[in-house]
């Protein structure tokens with residue numbers, strides 16, 4: 001799932017061309033009409049925070065300077081002594097200097113920072129790449145952009161499972177073209193919702209805490225909650241079965257995915273799913289205190305980094321669910337995927353998935369929280385390590 005950040009893979013950079021080749025894999029997609037900035041940290045030039053901005057924003061007369069001041073603050077917090085800049089545009093190099101957005105971006109970068117001083121920045125186009133050069137006009141380039149995919153650093157990244165999608169929007173979850181699978185999932189969603197509605201009616205709203213459904217602290221439940229608790233345990237086991245199937249690479253039954261989609265409407269089930277990605281669970285649905293304790297591990301500085309052995313199969317289940325259930329029903333899974341991507345410091349994917357969730361179902365809470373975190377450039381807790389602690393790959397990026 002998290003193709004943007006690098007956490008345990010060691011790569012060897014032998015020159016700036018390797019960094020240019022590396023950046024799309026760090027992002028998970030090939031940028032277009034963008035400016036990508038990479039923090040260079042420490043004596044060994046550790047590759048730190050990456051941030052991508054639309055060329056239209058960096059080149060804007062008001063937005064650009066404000067955005068660069070914000071990025072400068074982040075780079076300073078990261079401990080960067082320099083920033084590597086790559087400008088992506090499909091315009092012919094001879095026309096770049098005349099383009100108002102490109103001209104504005106170069107002017108802002110060179111006026112407000114030293115990051116793109118001549119001969120920088122690097123420029124990647126539709127067919128060529130190379131430095132801008134020392135003149136006002138972008139220097140001609142005779143280097144084929146296809147060379148970048150042939151560099152050893154790319155082979156290392158691919159060997160470790162990193163892959164690219166052609167464009168940023170392709171980070172979204174695509175709908176399955178299997179009509180029978182969609183129909184089976186839709187039937188199961190209806191069945192699951194009907195059961196949940198009946199359970200809530202018999203359980204006084206199905207609040208995780210007695211009386212919470214009515215806003216009454218320490219209130220006694222009007223009816224026995226045992227049936228609701230048993231249903232949540234059943235849905236927890238369904239989630240664990242699906243994750244186990246994903247670990248083996250098996251086909252995930254559409255009916256099971258549909259029932260899980262309905263169960264995610266229950267906040268306790270949803271939070272248990274989320275917590276299981278952050279931390280191993282020892283059976284039984286979590287109470288609120290334990291849920292908050294586990295989620296704090298992801299949010300607070302110094303928390304553990306994502307364990308891909310848990311993240312990957314969980315994300316596979318949620319992607320399969322969102323691909324086959326009705327769009328509105330899949331929004332909660334998309335919100336979970338967006339949060340997981342944010343926690344993995346894969347901000348571009350988190351942003352795309354959060355927006356996909358909000359289009360399918362406005363008000364999806366997790367998607368809104370991810371959107372707010374990205375807007376504030378808030379990294380997950382494990383990224384915010386001490387200056388002499390383990391190297392974190394990046395704060396979230398869009």
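Numbering (full-length UniProt numbering), first residue to last: 1 to 398. Here a beta-carbon is modelled for each residue, glycine too, at the ideal position from N, C-alpha and C.
Taking one beta carbon from each stretch, the stretch 147-154 and the stretch 170-186 have fewer than 3 pairs nearer than 8 Å; the two do not touch. Of the candidates 87, 105 and 32, 105 places its Cα closest to the Cα of residue 68.
Only residues of its own chain outside the window of five on either side were considered, and among them 360 have a CB closer than 6 Å to the CB of residue 327, listed in chain order.
Rounded to whole angstroms, the Cβ separation of residue 21 and residue 83 is 18 Å, and the two are not in contact under 8 Å. For residue 46, the enclosing beta strand (DSSP E) stretches over residues 46-54. In this structure, the CA atom of residue 71 is about 16 Å from the CA atom of residue 61. The three-state secondary structure of residue 335, taken from DSSP, is helix. Nearest to residue 124 by C-alpha distance, out of 323, 87 and 97, is 87.
One thing to note: residue 28 has its Cβ within 9 Å of the Cβ of residue 165.
A Cβ-Cβ distance of about 12 Å is found for the pair residue 270 and residue 196, leaving them out of contact under the 8 Å criterion. Taking residue 259 as the centre and dropping the five residues before and after it, the same chain places the C-beta of 188 and 192 closer than 6 Å to its C-beta, in chain order. Looking only at 357, 310, 322 and 356, the smallest Cα-Cα distance to residue 344 is reached by 310. Listed in chain order, the alpha helix (DSSP H) runs fully inside the stretch 128-164 are 152-159, counting runs of at least 4 residues. Across the structure, residue 350 and residue 43 are spaced so that their CA atoms are roughly 32 Å apart. A contact between stretches requires three or more CB pairs, one per stretch, nearer than 8 Å, and the stretch 89-97 meets this requirement with the stretch 138-147.
With fewer than 16 other Cβ atoms inside 10 Å of its own Cβ, residue 300 counts as exposed.
In the three-state reduction of the DSSP assignment, residue 307 falls in the coil class, being assigned neither a helical nor a strand state.
With a contact defined as Cβ atoms closer than 8 Å, residue 116 and residue 145 miss out at about 20 Å. Under the criterion of beta carbons closer than 8 Å, residue 325 and residue 298 do not qualify as touching, at roughly 26 Å. Around the beta carbon of residue 89, 16 or more other beta carbons sit within 10 angstroms, so the residue counts as buried. According to DSSP, residue 40 shares a beta bridge with 47 and 82. By a beta-carbon distance limit of 8 Å, residue 201 does not contact residue 235. Their separation comes to about 18 Å. When secondary structure is reduced to three states using DSSP, residue 203 falls in the coil class, being assigned neither helix nor strand. Residue range 122-124 is occupied by the beta strand (DSSP E) that includes residue 122. When C-alpha distances from residue 162 are compared across 365, 103 and 30, the shortest belongs to 30. Scanning its chain for C-beta atoms nearer than 8 Å, with the 5 sequence neighbours on each side dropped, one finds around residue 55 the residues 33, 34, 35, 87, 88, 89, 101, 102 and 105, in chain order.
DSSP links residue 34 through a beta bridge to 54 and 88. In this structure, the beta-carbon distance from residue 135 to residue 108 does not fall below 9 Å. Inclusion of residue 334 and residue 364 in the CB contact set at 9 Å is warranted, their separation being smaller than that value.
Using a 10 angstroms sphere on the CB of residue 15, the tally of other CB atoms stays under 16, which defines it as exposed. In this chain, the alpha helix (DSSP H) harbouring residue 294 covers 288-299. A residue is called buried when at least 16 other Cβ atoms come within 10 angstroms of its Cβ; residue 346 meets this threshold and is buried. If you compare the alpha carbons of 317, 229 and 160 with that of residue 253, the shortest gap goes to 317.
When the alpha-carbon of residue 323 is set against those of 51, 255 and 113, the nearest one is in 255. The C-beta distance from residue 261 to residue 330 rounds to 6 Å, short enough to fall under 8 Å.
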